[in-house]
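Colleague:
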């Protein structure tokens, strides 16, 4: 199977779905990426890598939630129609 733009789109869609499904209390706190542990920093200090990753996950969840619903519907319809 060749690598196409559709495959890249599907891989990106699956990764975004995985990020949005992660539960903060069940999974992320066990890894140490909860909101309580990520926001501990002093004034003027650079955020740690863990805090930046948590902020990225939180931002993706906030921004991508509604468009992700429509992209999933579009992908499912496309797969049903064209196989």
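Residue numbers (my numbering): -19 to 63. In this text, a Cβ means the ideal position worked out from N, Cα and C, and glycines have one as well.
What's the C-alpha gap between residue 61 and residue 55?
Modeller: Working through the chain shown from its first residue, we reach residue 61 at position 81. Working through the chain shown from its first residue, we reach residue 55 at position 75. Straight-line Cα distance between these residues: approximately 10 Å.
Colleague: Mapping the DSSP letters down to three states, classify residue 2 as helix, strand or coil.
Modeller: Residue numbering aside, residue 2 sits at position 22 when the chain shown is read from its first letter. Three-state result, residue 2: coil.
Colleague: Are the beta-carbon atoms of residue -4 and residue 40 separated by less than 8 Å?
Modeller: Locating residue -4 in the chain shown gives position 16, where the first residue counts as 1. Locating residue 40 in the chain shown gives position 60, where the first residue counts as 1. Going by C-beta atoms, residue -4 is nearer than 8 Å to residue 40.
Colleague: Return the CA-CA distance between residue 25 and residue 53, expressed in angstroms with no decimal places.
Modeller: Looking up residue 25 in the chain shown gives position 45. Looking up residue 53 in the chain shown gives position 73. Roughly 42 Å separates the two Cα atoms.
Colleague: Count the other C-beta atoms from every protein chain shown that fall within 10 angstroms of the C-beta of residue -17, then say buried if there are 16 or more, exposed otherwise.
Modeller: Walking along the chain shown from the start, residue -17 turns up at place 3. With fewer than 16 Cβ atoms within 10 Å of its Cβ, residue -17 is classed as exposed.
Colleague: Secondary structure at residue -17, three-state DSSP: helix, strand or coil?
Modeller: Along the chain shown, read from residue 1 onward, the residue named residue -17 stands at position 3. Note: residue -17 maps to coil in three-state DSSP.
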